[in-house]
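Please read the structure below before turning to the comments.
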Amino acid sequence: MTSQADALEDLQAALKTSNLPIESIADSEVPGLFSLKLADGTTLLTDATGTYFI
């Protein structure tokens, strides 16, 4: 089983090539998902693979 810290590291590596203006990445209130805050204030939810949920 992948830990949340390992998942965050994998996600950060996957997002390096996304060209999204990411301000921050944090755990979300939904277990297993992360919250991406973009430069324009938009927040996306994503899993460790970089699949986005709006």
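Each residue of the sequence shown is one higher than the one before, counting from 1 in the working numbering.
Glycine included, C-beta positions come from ideal geometry on N, C-alpha and C.
Because the structure is a prediction, the values reported are computed rather than measured.
Inter-residue Cα distance where the pair is residue i and residue j
i, j, result
"P35", "A14", "With the sequence shown as reference, residue 35 is identified as Ser, and Pro is not the correct amino acid for it. Using only the alpha carbons, I get a separation of about 15 Å."
"L45", "D27", "9 Å"
"Y52", "T43", "10 Å"
"D6", "Q12", "10 Å"
"V30", "K16", "23 Å"
Proximity winner among the options, relative to residue i (alpha-carbon distances)
i, options, result
"D40", "L20, A7 and Q12", "L20"
Cβ pair residue i, residue j closer than 7 Å
i, j, result
"K37", "S18", "no"
"Q33", "D10", "Reading the sequence as shown, one finds Leu at residue 33 and not Gln. No, Cβ-Cβ distance for L33 and D10 is not below 7 Å."
Going along the chain, which unbroken runs of the alpha helix (DSSP H) with 4 or more residues stay wholly within the stretch 3–30?
4–15
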